[in-house]
Amino acid sequence: MKSEDIPFAGGPLDGRSLPVLVTATGNPPKVYRVPVPDPDGGPDTVLVYVREPVPDGRAVRLVQKWRYAFAPDGKVERSVKWPWTKKPRPAQDPQDPA
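Note that our numbering gives residue 78 to position 98 of the sequence shown, counting from 1, and the numbers run on in steps of one.
Structural data, given as structure tokens:
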């Protein structure tokens, strides 16, 4: 399998580049999770990084390089974003006449 050195931005790995396995299309995974062991023997802490394109100054073109940005809350949206779907509406209060 092929790997590439991908830079990390933000969080404890800020400024480092780590080798990451890439897919058959040459893209790294969308989410990269780094387990960090607890020195006291407790549960591991998981650092979550999300893939984003590296800005290169050109307006429109295919993404050539990627980097990982730190997600401090550790939450990543997992739903598929189809162009024909809409966001769910918030539930309305039945007492509200508007």
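Cβ coordinates follow ideal geometry from the N, Cα and C atoms, glycine included.
Exercise. Can you give the Cα-Cα distance for PRO33 and PRO70, rounded to whole angstroms?
Worked result: 32 Å
For this session: Report the partner residues of PRO33 according to the DSSP bridge assignment.
Result: TRP46
Problem set entry | Inter-residue spacing [alpha-carbon to alpha-carbon] between THR25 and VAL11 | 16 Å
Exercise. Are the beta-carbon atoms belonging to VAL0 and LYS(-18) less than 8 Å from one another?
Worked result: no
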